[in-house]
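Counted the way this note's numbering counts, the sequence shown spans residues 17 to 99.
Built from N, CA and C at the ideal position, the CB exists for glycine as well.
Data block below; observations after.
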Amino acid sequence: MEHDEAEVDEGALSWQERALCAQTDPEAFFPEKGGSTREAKKVCLSCDVRSECLEYALGHDERFGIWGGLSERERRKLKKRAV
Numbered sequence: 017m018e019h020d021e022a023e024v025d026e027g028a029l030s031w032q033e034r035a036l037c038a039q040t041d042p043e044a045f046f047p048e049k050g051g052s053t054r055e056a057k058k059v060c061l062s063c064d065v066r067s068e069c070l071e072y073a074l075g076h077d078e079r080f081g082i083w084g085g086l087s088e089r090e091r092r093k094l095k096k097r098a099v
């Protein structure tokens with residue numbers, strides 16, 4: 017049985033419904049340049065889907081915000097080490 021692309025994406029992104037950030041202020045995860053990432057990272061520490069979130073951000077080359085507990089700069093460093 018074939019799945020349509022939207023269904024596949026929905027299943028692959030179901031982790032987002034369980035993400036703690038979905039229940040908090042999204043502004044904290046997209047701070048102004050030079051702004052603090054501390055609050056967002058604190059939320060990520062106790063999130064059950066942190067690894068899925070980070071994997072998504074790395075796979076989709078997310079350039080803004082805190083994903084999986086890492087800033088864009090930290091994700092870039094992680095990607096460089098993995099190569």
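Give the single residue among the options whose Cα lies nearest to the Cα of residue i.
i: residue 58; options: 91, 83, 29; result: 83
i: residue 53; options: 96, 99, 89; result: 89
i: residue 31; options: 81, 95, 87, 68; result: 68
Count the other CB atoms, across all protein chains shown, that sit within 10 Å of the CB of residue i; report buried if there are 16 or more and exposed otherwise.
i: residue 75; result: exposed
i: residue 61; result: exposed
i: residue 65; result: buried
i: residue 34; result: exposed
i: residue 46; result: exposed
i: residue 70; result: buried
Which value, in whole angstroms, describes the spacing of the CA atoms of residue i and residue j?
i: residue 37; j: residue 78; result: 16 Å
i: residue 39; j: residue 99; result: 34 Å
i: residue 50; j: residue 85; result: 17 Å
i: residue 92; j: residue 73; result: 10 Å
i: residue 48; j: residue 80; result: 10 Å
i: residue 44; j: residue 87; result: 12 Å
i: residue 29; j: residue 55; result: 24 Å
Can you check DSSP and say which residues form a bridge with residue i?
i: residue 86; result: 83
**Q.** Contiguous beta strand (DSSP E) assignments of at least 3 residues, all confined to the stretch 30–69
**A.** Within the stretch 30–69, no run of beta strand (DSSP E) reaches 3 residues while sitting entirely inside it.
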